[in-house]
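Student: I have a structure here, written as structure tokens, and I will follow up with some questions on it.
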Amino acid sequence: MELFRNGIFLILTAVLVSCEDDRPLVSIEDGLIRGTFKESFNGRKYMSFEGIPYAQPPIQKLRFKEPEAIEPWPGVLDATTTYTCIQIGLGGKVSGQEDCLYLNVYVPREKLNPEEKLDVIVHIHGGAFMMGDVVYVNFNYRLGPFGFLSVGDITFHGNYGLKDQTMVLQWVQKNIEKFGGNKNSVTIIGLSAGGASVHLHYFAEISKGLFHRGFAQSGMALNPWVLKQDAWPSAQVVIDEVGCADENIKVTYRCMKQRTGLQIAQAVQKLYKDPLLPLTPFAPTTETFIPYAFLNAAPYIHLGAKQVYDVPLLVSVTTEEGTLPAAMFYNRIDELNERWNYWLPYLLEYYFFFTNTTTTGSLTCWNTTNTTTRGNERWNYWLPYLLEYYQYDDERKDEISAKIKEFYFKGAEKSAKLQANATESKVYFMLMGYGGEPIADDNNPLFVNGLGVGHGHDMKFYYDTRPLGFKEVQTEDDIRMKDMLVDMVVEFAKTGKPQIGDIEFQPVPKSGNLKYLSIKGPDDIGMKSTKRLGAHEFWKSLELREDEHIYIIGEKTIEIL
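Counting with mature numbering (1 follows the signal peptide of the UniProt record, and there is no 0), you get residues -19 to -1, 1 to 542 for the letters of the sequence shown.
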């Protein structure tokens, strides 16, 4: 913290001014913030404000609780520090800190014009957007057990990380105009879990009115890895590991608040059967038992009942989404063959099977991924076929890849179709088939080069991936592709209608074939139409449907597909 001689004047005028070293200074209701100037990927100078607190530190008594409003700070906040939320990485190494609820604001100006309000992009997790004329905001939110541990009752009810995101959107509405942003033109974007988060905000009553468009990349609410129908098994492992198990859940709750963040983070390692599997041991859940829920019903319920926030949505997937889990065993095929029955549920994110039904009011949900005789028969019948499809080799790459990606396409495709039917606002769908030059080294476990445009491979066109250790965009075609895609997102953030080149980007219709934009390169872009992106019957026949439900309401059975 640092006091300025003219601090009183700044508080009274509440405008952006410069300090003696010419760094930007802005005043918001919570206090004064001093940032710095940086240079973008394209050599453009912009204002950077990093490490602005948006909520109280979620530690001690505030652990496993909704975020609480930040208290004003004295003096001037030096906004030049970034933070990372506590998490466990590859090899069980814990990084980050529990006190992590901070956000960053980037303004593509060397000084502010109070009369000109720029559109705002709020990015849910990860890198820095290669922005045009938009105010860009990114932030941290609680992860793993700190953000999503749930036992299904009023104590540990989960979704804390999602409520952190909502608090950021509230902060933007309250403060972004002081940074030159337009609070009435806010677009939320995210990749993978961030993309799924974007879509989940469309169903959250507490987020309505806080944003005006959404861009979900490689993650939608109906992807099988997004929602936990039974969060207790993961929670139980962590609670047991830190020695907090007790018949009285309130005793457990108090005990978990007394453990260190490091102890809880390290306990998560017990859930991993492989450095990267399961992908999502902790994830969003429904909260039907509290009045301040983020998600009060499953996404299928909201989509089927047309209870969706009615603003435009842009959806993007890559052509080889399914190579993410396949890549983990690309050089370990023998191990996969030998322990196929063990690894398959983790590859498909169906690793907790249970037979009980759950009932909420008059609504009963049957999870069909159970251990009934019929389920086991079908599972065992299909095992050898699935094994074939996960055994990558050069001769069968296209055939195998097509089958795997169907599993990862279907959630995004189905989400887009149902949302198009549920809202008056347009839904746009994009299939990214251009990856350009590889950005990762060959030893990266998540990016196997040569298997097509996999999950996350397109992020280099939207974000500065250099801080993540990836190579920067360098080839002429890659730079052209980046410029086209960034311009498309900026146009969507301004108007709600994406535009790329001179192509008319048509929305997903309310019924009939899926219309989507196919991108195979900067000179190979066009609209296409198909009944479905993959032959879903193969996966549907397995009844691996934790993300879907058969709803029994009274005497009527409704299957929402």
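Cβ coordinates follow ideal geometry from the N, Cα and C atoms, glycine included.
Taking 6 Å as the limit between beta carbons, can you name the residues of its chain near V132, skipping five residues before and five after?
Tutor: These residues qualify, in order along the chain: W213, A216.
Student: Sorted by chain position, which residues of the same chain lie with C-beta nearer than 6 Å to T404's C-beta, five sequence neighbours on each side aside?
Tutor: These residues qualify, in order along the chain: V289, D291.
Student: In the DSSP assignment, what residue or residues form a beta bridge with K26?
Tutor: E20, per the DSSP bridge assignment.
Student: So, is A279 buried or exposed, given that buried needs 16 or more other C-beta atoms within 10 angstroms?
Tutor: With 16 or more Cβ atoms within 10 Å of its Cβ, A279 is classed as buried.
Student: Please classify S188: does DSSP put it in a helix, a strand, or coil?
Tutor: It is helical.
Student: Do M413 and V489 count as a contact pair if the criterion is CB distance below 8 Å?
Tutor: No; because the gap between Cβ atoms is not below 8 Å, this pair is not in contact.
Student: Could you pull out every residue in the same chain whose Cβ sits closer than 7 Å to the Cβ of Q480, ignoring the five residues on either side in sequence?
Tutor: M469, E472, F486, listed in sequence order.
Student: Around the Cβ of V219, are there at least 16 other Cβ atoms within 10 angstroms (buried) or fewer (exposed)?
Tutor: Classification for V219: buried.
Student: Classify W360 as buried or exposed, calling it buried when 16 or more other Cβ atoms lie within 10 Å of its own Cβ.
Tutor: Note that W360 scores a pLDDT of 49, beneath 50, so its modelled location is shaky and nothing firm can be said.
Student: Would you check if the distance between the CB atom of V454 and the CB atom of I460 is smaller than 8 Å?
Tutor: The answer is yes: Cβ separation under 8 Å.
Student: For V88 and V116, which I take to be in contact (beta-carbon distance under 8 Å), what is that distance rounded to the nearest angstrom?
Tutor: Right, the Cβ-Cβ distance comes to about 5 Å (below 8 Å), so this counts as a contact.
Student: By the three-class DSSP mapping on this structure, what secondary structure does I245 have?
Tutor: In this structure, I245 counts as helix in the three-state DSSP scheme.
Student: To which residues does DSSP link M413 through a beta bridge?
Tutor: T299, I500.
Student: Taking K92 as part of the alpha helix (DSSP H), name the residues at either end of that continuous run.
Tutor: Neither: K92 is in no alpha helix (DSSP H) and is coded neither H nor E.
Student: Within the same chain, show all residues whose beta-carbon is closer than 6 Å to that of residue 546, passing over the 5 residues directly before and after it, in chain order.
Tutor: In the structure displayed, the chain extends from -19 to 542; residue 546 sits before or after that span and is not available.
Student: Nearest-angstrom Cα distance between V408 and F18?
Tutor: Using only the alpha carbons, I get a separation of about 37 Å.
Student: Classify L399 as helix, strand or coil using the three-state DSSP reduction.
Tutor: Here L399 sits in helix by DSSP.
Student: Just the Cα atoms here: how many angstroms apart are T511 and L498?
Tutor: One C-alpha to the other measures close to 11 Å.
Student: Could you say which of F120, K509, V7 lies nearest to D59 if we only look at CA atoms?
Tutor: Nearest of F120, K509, V7 to D59, Cα basis: V7.
Student: For V231, which residues from the same chain have a beta carbon less than 7 Å from its beta carbon, with the 5 sequence-adjacent residues on both sides left out?
Tutor: In the sequence as displayed, the identity of residue 231 is Lys instead of Val. Hits under 7 Å: T136.
Student: Just how far apart, CA to CA, sit V179 and V101?
Tutor: Approximately 15 Å, taken between the alpha carbons.
Student: How many Å lie between residue 560 and H438 at the Cα?
Tutor: This structure does not reach residue 560, given that the chain is present from -19 up to 542, and the question cannot be answered.
Student: Quick one: grab the DSSP three-state call for N278.
Tutor: Going by the sequence as given, residue 278 is Ala instead of Asn. Three-state DSSP puts A278 in coil, outside helix and strand.
Student: Helix, strand or coil for F120, going by three-state DSSP, please let me know.
Tutor: It is a strand residue.
Student: Helix, strand or coil for M201 per DSSP?
Tutor: Correct three-state label for M201: coil.
Student: Is I135 helix, strand or coil when you go by DSSP?
Tutor: Coil, per DSSP.
Student: Could you tell me if T266 is buried or exposed, where buried requires 16 or more neighbouring beta carbons within 10 angstroms of its beta carbon?
Tutor: With 16 or more other Cβ atoms within 10 Å, it is buried.
Student: Reducing DSSP to helix, strand and coil, say where C81 ends up.
Tutor: Note: C81 maps to coil in three-state DSSP.
Student: Classify S215 as helix, strand or coil using the three-state DSSP reduction.
Tutor: S215 falls in the helix class under three-state DSSP.
Student: Are the CB atoms of G142 and G176 nearer to each other than 8 Å?
Tutor: In this structure, G176 does not lie closer than 8 Å to G142 by Cβ.
Student: Going straight from the alpha carbon of I500 to that of I40, what length do you get?
Tutor: Going by the C-alpha atoms only, they are around 45 Å apart.
Student: Which two residues bound the contiguous beta strand (DSSP E) that contains residue 568?
Tutor: Residue 568 lies beyond the range of the chain shown here (-19 to 542); nothing can be said about it.
Student: Give the DSSP bridge partners of L514, in chain order.
Tutor: Per DSSP, none; premise fails for L514.
Student: Taking 8 Å as the limit between beta carbons, can you name the residues of its chain near L181, skipping five residues before and five after?
Tutor: Excluding residues within five positions, the ones whose Cβ falls inside 8 Å are L143, A202, V207, P265, F275, L276, P280.
Student: On the premise that V223 lies in contact with R240, defined as a C-beta separation below 8 Å, what is that separation, rounded to the nearest angstrom?
Tutor: Between V223 and R240 the Cβ distance is about 5 Å, and since that is below 8 Å, they are a contact.
Student: In or out: G161 buried (at least 16 other Cβ within 10 Å) or exposed?
Tutor: When all chains shown are included, G161 counts as buried.
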